[in-house]
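So the structure is just underneath, and the comments pick up after that.
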Amino acid sequence: MRRSLGMASKRQGRRVTITDVAERARVGTASVDRVLNERGNVSEAVSKRVLQAAKELGLRRMLPQAHRRLIRIDVILARPELPLIARMGFEFRRIATSLDRSIVIHRTVLEDERPETLAKALAKTGCDAVVSYMQDHPLVHAAVEELSARGIPVVTVISDVPGSARIGYAGTDHYRAGRSAGYFISRMARKPGPVILLCNHLGFQSHADRVRGVTQFLADKAPGWHVARIVEGGDDRTRSELQLREAFHAESDTVAVYNVGAANIGVARAIRADILPDRPVFVGHELTRNTAAFLREGLMSLTIDQSPELQVRLAVNILLRHFEFLDAGQGSFPPETEVPIVLYGPENLPNPLPF
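Quick note: the sequence shown, position 272, residue 272 per UniProt numbering, numbers continuous.
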């Protein structure tokens with residue numbers, strides 16, 4: 001009786017069996033079983049023949065560890081003091097403990113997000129693959145292209161570089177996140193009026209798309225609401241607070257603030273200064289201890305979380321498929337999965353918080 005191995009043959013359109021592999025490798029079915037299930041007592045020559053036969057027949061399953069190459073993944077993250085980056089680092093450390101010993105995650109920490117800093121780090125990597133977030137900049141595109149030419153795949157998280165040589169993006173649709181922010185602002189604000197946007201800067205695709213999304217939603221669907229100004233605060237809480245204070249003085253009828261970046265503490269401080277006659281609706285990003293506290297206090301109206309734990313799992317799965325550790329049908333996600341955003345208000349905060 002034939003035992004199914006659980007994969008369809010590419011050539012014959014049916015399920016590959018142990019007997020198929022045994023016939024191709026010219027060995028007994030018991031030897032195939034011992035090789036695929038790591039039971040030992042099989043010569044290296046027989047093991048190689050069995051694995052080669054399994055590949056030729058279209059069997060793509062996790063190979064026995066002795067026959068898998070070591071894959072080193074370089075996770076390059078800048079500014080670990082930012083809550084989102086700290087969460088991403090935590091999730092990469094956590095997933096590393098669950099991976100096969102053939103997959104090793106290295107972490108490279110950068111002090112700043114400048115394109116030239118990341119480009120140098122990409123060029124210096126000695127790993128087999130890279131996961132990072134990056135600005136959409138010519139230096140970054142060139143560095144990713146060079147890695148691709150060297151056979152080193154790159155997967156982006158958090159913020160993408162569309163049109164680059166990266167093999168996948170494990171992140172959210174930031175344009176739709178921005179439109180969602182616009183929708184809730186128009187429903188939560190007491191009256192139509194000016195909206196102030198705060199971002200790191202528009203060199204990041206994630207921030208540019210969120211700004212574009214909220215701006216277009218308000219223009220298309222929310223008459224009376226409009227983006228009065230865009231403040232680039234560099235995700236620095238002090239700089240962002242000072243610039244928002246100036247913006248509040250200039251736009252004294254502001255009805256909402258949408259922070260597309262990380263400086264939520266700076267926004268909270270500027271709002272608490274009570275420069276505006278009425279406190280504005282405050283929509284931001286990421287679930288952190290600070291945003292949870294702002295939501296409970298009523299200072300913040302909504303935070304849009306980008307599920308870093310799912311981004312990490314998807315990024316790793318993309319690379320496992322690339323190196324044929326997983327078949328396209330295996331794992332938690334299909335290859336082009338979009339990571340969902342999660343909306344949090346004061347009434348649906350998880351307990352405990354994820355990080």
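Virtual Cβ for every residue (Gly too), placed ideally from N, Cα, C.
Three-state secondary structure (DSSP) at Leu198?
By one-based count along the sequence shown, residue 198 stands at place 198. Correct three-state label for Leu198: strand.
Taking only the alpha-carbon atoms, compute the straight-line gap between Gly329 and Val195 and give it to the nearest angstrom.
As a first step, residue 329 is located in the sequence shown; it is residue number 329 there, counting from the start. As a first step, residue 195 is located in the sequence shown; it is residue number 195 there, counting from the start. Because the pLDDT at Gly329 is just 47, under 50, the model does not fix this residue reliably, and the point stays unresolved.
Suppose you measure from the CA of Glu232 to the CA of Glu241; what does that come to, to the nearest Å?
Here residue 232 refers to the residue found at position 232 when the sequence shown is read from its first residue. Here residue 241 refers to the residue found at position 241 when the sequence shown is read from its first residue. Rounded to whole angstroms, Glu232 to Glu241 spans 11 Å at the Cα level.
Between the alpha carbons of Gly234 and Glu324, how many angstroms are there, rounded?
Against the sequence shown, residue 234 aligns to sequence position 234. Against the sequence shown, residue 324 aligns to sequence position 324. Answer to the nearest angstrom: the Cα atoms are 39 Å apart.
Is the CB-CB distance between Ala262 and Pro83 below 8 Å?
The residue given as residue 262 occupies position 262 in the sequence shown. The residue given as residue 83 occupies position 83 in the sequence shown. With respect to the 8 Å criterion, Ala262 and Pro83 are classified as neighbours on the basis of their beta carbons.
Within 10 angstroms of its Cβ, does Ser332 collect 16 or more other Cβ (buried), or is it exposed?
Counting from one through the sequence shown, the residue named residue 332 turns up at place 332. Residue confidence for Ser332 is low, a pLDDT of 49 falling below 50, so the modelled location carries little weight; the figure read from the coordinates is stated next. With fewer than 16 other Cβ atoms within 10 Å, it is exposed.
Alpha carbon to alpha carbon, how far is Met88 from Ile18?
Here residue 88 refers to the residue found at position 88 of the sequence shown. Here residue 18 refers to the residue found at position 18 of the sequence shown. Each residue's alpha carbon lies about 41 Å from the other.
Quick check: the region 177 to 184 against the region 215 to 231, are at least 3 beta-carbon pairs closer than 8 Å?
Taking a cut-off of 8 Å for Cβ pairs, the region 215 to 231 and the region 177 to 184 touch, as three or more such pairs fall below it.
Compare the Cα-Cα distances from Arg72 to each of Ala129, Ala143 and Arg237 and report the closest residue.
In the sequence shown, residue 72 corresponds to position 72, counting from 1. Answer by Cα proximity: Ala129.
For Phe294 versus Asn264, is the C-beta distance shorter than 8 Å?
Your numbering for residue 294 matches position 294 in the sequence shown. Your numbering for residue 264 matches position 264 in the sequence shown. For Phe294 and Asn264, yes; Cβs fall inside 8 Å.
Sort Leu326, Leu349 and Pro308 by Cα distance to residue 359 and report the nearest one.
Beyond the ends of the chain as shown, which are 1 and 355, falls residue 359; an answer cannot be given.
Within a Cβ cutoff of 8 Å, which residues of the same chain sit near Ser108, ignoring the five residues on either side of it in sequence?
Locating residue 108 in the sequence shown gives position 108, where the first residue counts as 1. This sequence places Thr at residue 108; Ser is not what is there. These residues qualify, in order along the chain: Asp74, Val75, Ile76, Leu77, Ala121 and Thr125.
Return the CA-CA distance between Ala96 and Ser132, expressed in angstroms with no decimal places.
By 1-based counting over the sequence shown, the position of residue 96 is 96. By 1-based counting over the sequence shown, the position of residue 132 is 132. Distance between the alpha carbons of Ala96 and Ser132: 16 Å.
Does the region 299 to 313 come into contact with the region 341 to 354, if we say contact requires no fewer than three beta-carbon pairs (one atom in each stretch) closer than 8 Å?
Contact between the region 299 to 313 and the region 341 to 354 is present: three or more C-beta pairs spanning the two stretches fall below 8 Å.
Is it buried or exposed, His174, if we count other Cβ atoms within 10 angstroms and call 16 or more buried?
Here the question's residue 174 lines up with position 174 in the sequence shown. Answer is buried; the Cβ neighbour count reaches 16.
Is Ala228 near Arg245, with beta carbons less than 8 Å apart?
The residue given as residue 228 occupies position 228 in the sequence shown. The residue given as residue 245 occupies position 245 in the sequence shown. The answer is no: Cβ separation not under 8 Å.
When the Cα of Leu139 is compared with those of Leu147, Ala315, Ala119 and Ala189, which residue comes out closest?
Your numbering for residue 139 matches position 139 in the sequence shown. Ranking Leu147, Ala315, Ala119 and Ala189 by Cα distance to Leu139 puts Ala119 first.
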